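Numbering (our numbering), first residue to last: 61 to 180. Where is the CB? At the ideal position from N, CA and C, for every residue including glycine. Quick caveat: nothing in here was measured; it's all calculated off a predicted structure. First comes the structure, then the notes that go with it.
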């Protein structure tokens, strides 16, 4: 895949978001915690891809001087990503728990790729 193609990146973002929104439909944290390991891994991976894709889209839009994507409210997507990241922390029982590891990795990736620097 060519990560310089805004159309392809937007399509990838759409599919990763679909997974994020599907898992978000599970309202109960206890039920969420007891979903299969495969589902959690897929959601973790899709969220990681979404973070990287959003970062690539942001860079492409800045480099090509096009207006930010009007098809999607990036601030809402960022909130949805953060909600899922912190949900992994919420259901983690220890720092050695897989959920906590997912939380740590995703938070670090989010911070390095999407978090806006603080304005002083």
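### Query
Which residues in the same chain have their Cβ closer than 6 Å to the Cβ of residue 131, if we skip the five residues on either side of it in sequence?
Taking the chain shown and counting its residues from 1, the one referred to as residue 131 is at position 71. With a pLDDT of 49 at residue 131, under the threshold of 50, the predicted position of this residue should be treated as unreliable, and no value is reported.
### Task
Mind checking which residues open and close the alpha helix (DSSP H) that includes residue 78?
Counting from one through the chain shown, the residue named residue 78 turns up at place 18. Where residue 78 is concerned, the enclosing alpha helix (DSSP H) stretches over 66 to 84.
### Message
Just verifying my parser: in three-state terms, what is the DSSP assignment at residue 134?
### Response
Along the chain shown, one-based indexing puts residue 134 at 74. Here residue 134 sits in helix by DSSP.
### Query
Can residue 102 be considered in contact with the ligand HEM, in the sense that its beta carbon sits closer than 7 Å to one or more heavy atoms?
The ligand HEM is absent from the structure shown, which contains no ligand whatsoever.
### Message
Rounded to the nearest angstrom, what separates residue 78 and residue 103 at their Cα positions?
### Response
Reading the chain shown from its first residue, position 18 is the one you call residue 78. Reading the chain shown from its first residue, position 43 is the one you call residue 103. Whole-angstrom Cα-Cα distance: 10 Å.
### Simplified DSSP state of residue 125, which is helix, strand or coil
Residue 125 sits at position 65 when you count from the first residue of the chain shown. In this structure, residue 125 counts as coil in the three-state DSSP scheme.
### Message
So, under 8 Å CB-CB, residue 147 and residue 92 are touching, yes? Tell me the CB distance rounded to an integer number of Å.
### Response
In the chain shown, residue 147 corresponds to position 87, counting from 1. In the chain shown, residue 92 corresponds to position 32, counting from 1. Indeed, because the Cβ distance is near 7 Å, the residues count as touching under 8 Å.
### Query
Expressed to the nearest angstrom, what Euclidean distance is found between the alpha-carbon atoms of residue 134 and residue 66?
As a first step, residue 134 is located in the chain shown; it is residue number 74 there, counting from the start. As a first step, residue 66 is located in the chain shown; it is residue number 6 there, counting from the start. When rounded, the separation of the alpha-carbon atoms in residue 134 and residue 66 is 15 Å.
### Query
CB residue 72 to CB residue 140, shorter than 8 Å?
Position 12 of the chain shown, counted from the start, is the residue given in the question as residue 72. Position 80 of the chain shown, counted from the start, is the residue given in the question as residue 140. Result no, Cβ atoms of residue 72 and residue 140 do not sit closer than 8 Å.
### Query
Once you ignore the five residues that flank residue 117 on each side, which residues in its own chain have a CB closer than 8 Å to its CB?
Numbered from 1 along the chain shown, position 57 holds the residue referred to as residue 117. Shown here for residue 117: same chain residues with a beta carbon closer than 8 Å to its own, the five before and five after excluded, namely 66, 69, 70, 73 and 129 in chain order.
### Message
Here's a check: name, in chain order, each residue in its chain whose Cβ is nearer than 8 Å to the Cβ of residue 84, leaving out the five neighbours to either side.
### Response
Start at 1 with the first residue of the chain shown, and residue 84 comes out as number 24. These residues qualify, in order along the chain: 140, 143 and 144.
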